Amino acid sequence: MTDVEERGLFIDGKFVPSESGATFPVFNPHTDEVFSKVAQAGEADAEAAIDAARAAFDGPWGALTPKDRGKFLLKLARIIQEEGESLARLEAKNTGHPIHDVRRFDLVRTVDWFEYFAGMATKIQGDVIPSSFKGVLNYTLREPLGVVGQIVPWNFPLMFVAWNVAPALAAGNTVVLKPAEYTPLSALEVARMAQKAGIPAGTINVIPGKGSVVGALLARHPGVDKICFTGSVEVGKQIIQASASNLKKPLLELGGKGPNVIFEDADLDAAVQGSLFAAYHNQGQACIAGSRLLVHESIWDAFVKRFTERVRSIRIGDPLEETTQLGPLTSKDHQKKVLGYVDVAKGEGAQILFGGRVPGTPETARGYYVQPTLVRADNPKMRVCQEEVFGPFITITPFIDDQAAVDMANGVPYGLGAGFWTRDLRRAHRIAAQLKAGMVWVNSYKLVDPASPFGGSKMSGMGREFGFETMREYTQVKSVWIGYDFQPWKWPE
Ligand code: NAP
Ligand code: MG
16 MTDVEERGLF IDGKFVPSES GATFPVFNPH TDEVFSKVAQ AGEADAEAAI
66 DAARAAFDGP WGALTPKDRG KFLLKLARII QEEGESLARL EAKNTGHPIH
116 DVRRFDLVRT VDWFEYFAGM ATKIQGDVIP SSFKGVLNYT LREPLGVVGQ
166 IVPWNFPLMF VAWNVAPALA AGNTVVLKPA EYTPLSALEV ARMAQKAGIP
216 AGTINVIPGK GSVVGALLAR HPGVDKICFT GSVEVGKQII QASASNLKKP
266 LLELGGKGPN VIFEDADLDA AVQGSLFAAY HNQGQACIAG SRLLVHESIW
316 DAFVKRFTER VRSIRIGDPL EETTQLGPLT SKDHQKKVLG YVDVAKGEGA
366 QILFGGRVPG TPETARGYYV QPTLVRADNP KMRVCQEEVF GPFITITPFI
416 DDQAAVDMAN GVPYGLGAGF WTRDLRRAHR IAAQLKAGMV WVNSYKLVDP
466 ASPFGGSKMS GMGREFGFET MREYTQVKSV WIGYDFQPWK WPE
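With positions in the sequence shown counted from 1, the corresponding number in the numbering used here is that position plus 15.
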């Protein structure tokens, strides 16, 4: 089911038009053409989705054993795998990600996350608490929260469905997911596959629509028990405020400005290779992108020469072409924003070492392309070193010693991913401890695993996803006291 022309909302196990009949266009970022029209959810549709999710939670999904929930998630993983090629092509077409990368990362991870959390369903367990009272058994239950609202951005829309939906369902919740308007198609496809897997109607609902309308409604709605948001800091703050209405505990995955430090003893081949991926994978549209290269002054010339050679060789073009390494940005607005940072860089006196323009080839003429861009910025207080650009645009800055590198790495409001390259084991552990970030990669970058906690410190978010950490987000603890041989306390005479 690629190249779909019209798609509905997915509510209560069915594709339906929006109540208002409104639709919105979905663009192909390579051609700037509309290739799909999707129903646009309004408040009434969001209400219907929340009701459906509640009914499924109080009904068939809530009644399942953990084992059966796990089996459904595993079945969904199998269907995603079986239909993977068409799903990957749809994702590449909608987002602009090179197909080669969608297959080896986004698709593989989507399957992996559903499989991992399928297994998690049967491992969510409470404790027996050593009781201070004789004749009392005190134990804890980890219970699902109910209806979870999930709002995701456009940069990895397929993968974010898995990252959000799989753990929420494993824990026994039901979901209303709002994809980004630019990229709603893969989420709707996964919903269709969930139906094919036999997952009860209402367990997963997908409502494409405006963030300011349906996203905001999910955040404030008293019938939504938890809100998970991946996106910008600005909207994240609004989510916290809206969620106060019924004291939902928000899970926030926000922006980043990842430092990527090259120490003087680094394996340069590995550092160049890994930094290229950290910087430009998915056109740099990644919250955990390594978007600030910090390079020790003693290896500056050698590193810059080798890195720039590699950047120059990046093949830009049609994301559906097998050999493409860098596709278009996902939207025209975003292309404009990223190119705007080139002007900011020049205005601040930074030096464009490579890129900074649209590629200017006939093949890329209609699409939202930006060359891979490398900007020398010696002052880490420059806006280009502080603000998230979220595109194929990175800065490179020299440093003189470890302390200077750590100060620069930590000297931004964000604290999501951070990484560095060194052969010194002592330095590896010392610097890992000093970096203010949710994830630290040494001699690697952007590794993620469904078993490993993921999330931000400082302005990059609150809460952690993946592994058992995420079960703390999607469950609540109940303490049960059984007085099997307990003499109730006497009321004072
Ligand atoms: P955004 O503007 O915050 O949008 C993210 C989502 O929120 C979209 O679905 C959007 O809907 C919706 N939204 C917008 N306004 C809303 C409101 N008032 N209430 C509720 N929902 C609302 O973010 P973006 O610019 O699209 O995405 C890029 C940002 O996401 C970057 O900052 C990036 O770092 C961050 N991000 C973080 C992670 C992470 O895991 N930490 C991962 C990926 C991306 P629309 O469709 O209407 O825009
Ligand atoms: Mg936005």
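The beta carbon of each residue, even a glycine, is placed where N, CA and C say it ideally should be. None of these values were measured; they are calculated from a predicted model.
Near residue i, which residues of its chain fall below 7 Å by C-beta distance, leaving aside the five closest residues on each side in sequence?
i, result
"Ala-59", "Glu-34"
"Ile-214", "Phe-87 and Leu-91"
"Thr-485", "Pro-182 and Arg-479"
"Pro-512", "Absent from the model: residue 512. The displayed extent of the chain is 16 to 508, so no value can be given."
"Arg-321", "Leu-283 and Val-287"
"Glu-158", "Thr-490, Gln-491 and Lys-493"
"Gln-340", "Pro-113, Ile-329 and Arg-330"
"Leu-105", "Thr-17, Leu-200, Ser-201 and Glu-204"
"Glu-363", "Met-397, Arg-398 and Val-399"
"Tyr-295", "Ile-329, Leu-341, Pro-387 and Pro-407"
"Gly-230", "Ile-166 and Lys-193"
"Arg-84", "Ala-136, Leu-184, Ala-185 and Gly-187"
"Pro-40", "Val-49 and Lys-52"
Round the Cβ separation of residue i and residue j to the nearest angstrom and send it over; I've been treating them as touching at under 8 Å.
i, j, result
"Val-327", "Phe-369", "First, the amino acid is wrong: residue 327 is Arg here, not Val. Yes, they are in contact, since the Cβ atoms of Arg-327 and Phe-369 sit about 7 Å apart, within 8 Å."
"Leu-269", "Ser-247", "7 Å"
"Val-143", "Tyr-154", "5 Å"
"Val-228", "Gly-57", "6 Å"
"Tyr-499", "Gly-238", "Between Gly-238 and Tyr-499 the Cβ distance is about 38 Å, and since that is not below 8 Å, they are no contact."
"Lys-82", "Thr-137", "6 Å"
"Ala-234", "Gly-434", "The Cβ separation is near 32 Å, so there is no contact."
"Pro-374", "Glu-312", "Going by Cβ atoms, the distance from Pro-374 to Glu-312 rounds to 32 Å, so no, they are not a contact pair."
"Leu-24", "Ala-67", "Not really, about 11 Å apart at Cβ, beyond 8 Å."
"Ile-139", "Ala-177", "At roughly 18 Å, the Cβ-Cβ gap does not stay under 8 Å, so Ile-139 and Ala-177 are not in contact."
"Gln-401", "Val-359", "That belief does not hold up - the Cβ atoms of Gln-401 and Val-359 are roughly 11 Å apart, past 8 Å."
"Met-512", "Leu-267", "What is shown of the chain runs 16 to 508, which leaves residue 512 out entirely."
"Asp-27", "Ala-209", "Not quite, the Cβ-Cβ distance comes to about 12 Å (not below 8 Å), so this is no contact."
"Ile-219", "Val-180", "6 Å"
"Ile-409", "Leu-291", "Incorrect: roughly 10 Å between the Cβ atoms, too far for contact."
"Ala-452", "Gly-432", "6 Å"
"Asn-188", "Leu-232", "Asn-188 to Leu-232, Cβ: 18 Å. No contact."
"Ala-442", "Asp-417", "A quick correction: the sequence has Arg, not Ala, at residue 442. Right, the Cβ-Cβ distance comes to about 7 Å (below 8 Å), so this counts as a contact."
"Val-319", "Ile-415", "With a Cβ gap of about 16 Å, Val-319 and Ile-415 do not count as contacting."
"Arg-124", "Met-174", "5 Å"
Can you find a C-beta in chain D that's less than 8 Å from the C-beta of residue i?
i, result
"Asp-83", "Among the protein chains of the structure shown there is no chain D, as only one such chain exists."
Note down, in chain order, each residue of its chain lying with its Cβ closer than 6 Å to the Cβ of residue i, except the 5 sequence neighbours on either side.
i, result
"Thr-345", "Pro-44, Thr-110, Gly-111, Trp-169 and Tyr-197"
"Asn-458", "Trp-436"
"Lys-300", "Residue 300 is actually Gln in this sequence, not Lys. Only Asn-170 and Phe-405 meet the Cβ criterion."
"Pro-265", "Ile-242, Ile-254, Ile-255 and Ser-258"
"Leu-156", "Gly-141 and Lys-493"
"Asp-280", "Thr-437, Arg-438 and Asp-439"
"Arg-118", "Ala-103"
"Gly-289", "Tyr-460"
"Leu-122", "Gly-99 and Ala-103"
"Arg-372", "Gln-386"
"Phe-30", "Gly-23"
"Val-126", "Ala-92, Ile-95 and Gln-96"
"Asn-425", "Lys-451"
Please go through the same chain and pick out, in chain order, the residues whose beta-carbon is closer than 8 Å to the beta-carbon of residue i, but skip the five residues on each side of it.
i, result
"Phe-42", "Glu-48, Val-49, Phe-50, Tyr-197, Ser-346 and Lys-347"
"Met-474", "Val-248, Leu-269, Gly-270, Pro-428, Tyr-429 and Gly-430"
Cβ contact check for the stretch 66-82 and the stretch 199-210: 3 or more pairs under 8 Å: Because the criterion of three Cβ pairs below 8 Å is not met, the stretch 66-82 and the stretch 199-210 do not touch.
Start-end ranges of the beta strand (DSSP E) lying completely within the stretch 300-386, minimum 3 residues: Taking only runs of at least 3 residues, the beta strand (DSSP E) segments lying wholly in the stretch 300-386 are 305-311 and 366-369.
Uninterrupted alpha helix (DSSP H) stretches inside the stretch 374-449 (no shorter than 4 residues): List check, alpha helix (DSSP H) in window: 398-401, 417-425 and 440-449.
Ordered list of alpha helix (DSSP H) runs contained in the stretch 234-282, each at least 4 residues: Inside the stretch 234-282, DSSP marks whole alpha helix (DSSP H) runs of 4 or more residues at positions 248-258, from first to last along the chain.
Cβ pair count under 8 Å reaching 3, the stretch 316-335 against the stretch 385-395: Taking 8 Å as the limit for Cβ pairs, the verdict is that the stretch 385-395 does touch the stretch 316-335.
Meets three-Cβ-pair contact criterion under 8 Å: the stretch 486-497 and the stretch 453-464: Touching, no, given that fewer than three Cβ pairs across the two stretches are closer than 8 Å.
Whole alpha helix (DSSP H) elements within the stretch 95-148, 4-residue minimum: Qualifying alpha helix (DSSP H) stretches, in chain order: 99-110 and 123-135.
Contained alpha helix (DSSP H) runs [length at least 4] in the stretch 140-205, N- to C-terminal order: Every alpha helix (DSSP H) of 4 residues or more that sits fully in the stretch 140-205 is shown, in chain order, as 172-185.
contact_flag[the stretch 349-360, the stretch 126-134] where n(CB pairs < 8 Å) is 3 or more: In short, these stretches do not touch, since the Cβ pair count stays below three.
Contained beta strand (DSSP E) runs [length at least 3] in the stretch 461-486, N- to C-terminal order: The DSSP assignment places no complete beta strand (DSSP E) segment of no fewer than 3 residues inside the stretch 461-486.
Contiguous alpha helix (DSSP H) assignments of at least 4 residues, all confined to the stretch 20-66: Runs found: none.
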